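Yeah, the sequence shown ends on 1040 if you go by the working numbering, and it's all consecutive. Worksheet for the structure shown next.
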Amino acid sequence: MPIPDTDLSFVRRPIDQANGLPNAHYTDPSIYEEEAQALLARNWAGLAVSADVAEPGDAVPLSFAGMPLLLVRDREGQVRVFQNICRHRGMILVEEPRKIEGAIRCPYHSWCYGTDGRLVSTPHVGGPGQNTHDGIDRSLLGLIEVRSHIWFGVVWINISGDAAPFEEAHADLLGRWKEFEKPLYHGGADSAFHLSVDCNWKLAVENYCESYHLPWVHPGLNSYSRLEDHYHIEKPGAYSGQGTHVYRQLKGDDDATFPDFEGLSDKWDTAAEYIALYPNVLLGVHRDHAFAILLTPEGPGKTVEKVHLLYPTSDTDAELRARNTTQWRDVFEEDVFVVEGMQRGRAAPGFDGGRFSPVMDGPTHLFHDWVAGQVETHRAMAKAAE
Ligand code: FES
Ligand SMILES: [Fe+2]
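In structure tokens, the structure reads:
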């Protein structure tokens, strides 16, 4: 396939002169594939939450950037990610989320793998009744593992295998949110939901990064946390987002609140922060809960937003939790018409990527600039390899 070539030099200018990414980066299938490699595969992307495989033996098949993957918690309790294919003839191994009792058995010719990926049996591979063959070295035919890391309750994957270690790549955010470096308990079934949106996944990041749209898109939030209560968060090359100085805790009928995370400094009495960790994860922290949104691309104009709410303890009040889920669902649903509207807008041939408010759009521009830089690097490497 020829290397797609869009001019990204306009994107990389200083914010007051920059344009956004060209339309093709939201609509063109070959650029979508290119970005899957340049942005999603080469960095640490969010795949799932570790709570998706709560118990040893739990297995969940997932598709990410077009790849069939299998998320497993192995017998020892370690979360692992494999390519969801049999090493024999490439059959998909697991079709539905389930508990693996014993081994992962391929439904085609019954080759079996341990939850740690080892190939453990190959029935009749050497002929009827012969379960071994000299030409089939089981030790070389385990499941293909994808590099993974757990942080913030999220399973991060680096498909290319050569990104810097997660702690190194994201040292800055780990430092910034050190106070939240403690167990985050998933609220369970009432604290997870999916939103299916008709837009490119990057538009969800770009919208999340800025508070500029608050007064018009989130009038409810804006009624107590106003535009002027917000500040930008900008770390070139890694993340961007926004924070507020005015966080109002959710209260139950009896004025009950969720417990706070232990040991937080005074700043968090009233502050909250919302950060997009590049490429595809949107995170939020508050004194009494956190959330992670995993953006799962399903084509140039289709994304599933997987929202998970996380708490300081495992026994928070279920009714208050459900209320919190509803509150956030309402907020994130308010954003759907703008991300979908921007997607439809990218069918307009006259659109030049748009312009940024030099004051209000800094965190969003930073993401555009990061995308352009990553794509340029990827193209240069592809050209060098030609
Ligand atoms: S393809 Fe899996 S055992 Fe044959
Ligand atoms: Fe929003």
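Cβ coordinates follow ideal geometry from the N, Cα and C atoms, glycine included. Keep in mind that this is a model prediction, so the values were computed, not measured.
Beta-carbon spacing of residue i, residue j below 8 Å
{"i": "Ala705", "j": "Gly768", "result": "no"}
{"i": "Tyr932", "j": "Asn697", "result": "yes"}
{"i": "Val1025", "j": "Lys856", "result": "yes"}
{"i": "Tyr901", "j": "Ala926", "result": "yes"}
{"i": "Glu833", "j": "Ser919", "result": "yes"}
{"i": "Ala713", "j": "Arg752", "result": "yes"}
{"i": "Gly955", "j": "Ile929", "result": "no"}
{"i": "Leu961", "j": "Ile947", "result": "Looking at the sequence provided, one finds Val at residue 961 rather than Leu. In contact: Val961 and Ile947 (Cβ atoms closer than 8 Å)."}
{"i": "Ala823", "j": "Leu949", "result": "no"}
{"i": "Gly711", "j": "Arg734", "result": "no"}
{"i": "His1022", "j": "Leu675", "result": "yes"}
{"i": "Arg759", "j": "Leu795", "result": "no"}
{"i": "Cys863", "j": "Pro1017", "result": "yes"}
Residue i Cβ short of 7 Å to ligand 2 heavy atom set
{"i": "Val871", "result": "yes"}
{"i": "Asp1073", "result": "Any question about residue 1073 goes unanswered here, given that the chain covers just 655 to 1040."}
{"i": "Asp989", "result": "yes"}
{"i": "Asn861", "result": "yes"}
{"i": "His940", "result": "no"}
{"i": "His1022", "result": "no"}
{"i": "His886", "result": "no"}
{"i": "His867", "result": "yes"}
heavy atom of ligand 1 below 7 Å from residue i C-beta
{"i": "Arg983", "result": "no"}
{"i": "Cys802", "result": "The question names Cys, but residue 802 is Ser in the sequence shown. No, the beta carbon of Ser802 sits no closer than 7 Å to any heavy atom of ligand 1."}
Boundaries of the alpha helix (DSSP H) in which residue i is found, first to last residue
{"i": "Tyr611", "result": "Residue 611 lies beyond the residue range present for the chain, which begins at 655 and ends at 1040; the question has no answer from this structure."}
{"i": "Val665", "result": "Taken as a continuous stretch (DSSP letters only), Val665 belongs to no alpha helix (DSSP H), as it is neither H nor E."}
{"i": "Leu868", "result": "868 to 871"}
{"i": "Val993", "result": "990 to 999"}
Element boundaries [beta strand (DSSP E), containing residue i]
{"i": "Glu888", "result": "884 to 889"}
{"i": "Gly897", "result": "893 to 898"}
{"i": "Glu849", "result": "Per the sequence shown, residue 849 should be read as Leu rather than Glu. Here the beta strand (DSSP E) through Leu849 covers 846 to 851."}
{"i": "Val774", "result": "773 to 775"}
At which residue ranges does the segment 927 to 977 contain complete beta strand (DSSP E) runs of 3 or more residues, listed in the order of the chain?
-> Listed in chain order, the complete beta strand (DSSP E) runs (minimum 3 residues) inside the segment 927 to 977 are 935 to 939, 944 to 951, 957 to 965.
Name all residues in chain order for which at least one heavy atom of ligand 1 lies closer than 7 Å to the residue's CB.
-> Any heavy atom of ligand 1 within less than 7 Å of a residue's beta carbon puts that residue on the list, which reads Cys740, His742, Arg743, Gly744, Met745, Cys760, Tyr762, His763, Ser764, Trp765.
3 or more residues per run - each beta strand (DSSP E) lying fully within the segment 672 to 738 = With a minimum length of 3 residues, the continuous beta strand (DSSP E) runs that stay inside the segment 672 to 738 are 699 to 703, 712 to 718, 721 to 727, 733 to 737.
Which runs of the beta strand (DSSP E) fall wholly inside the segment 800 to 824 and span at least 3 residues, in chain order?
-> 808 to 812, all fully within the segment 800 to 824.
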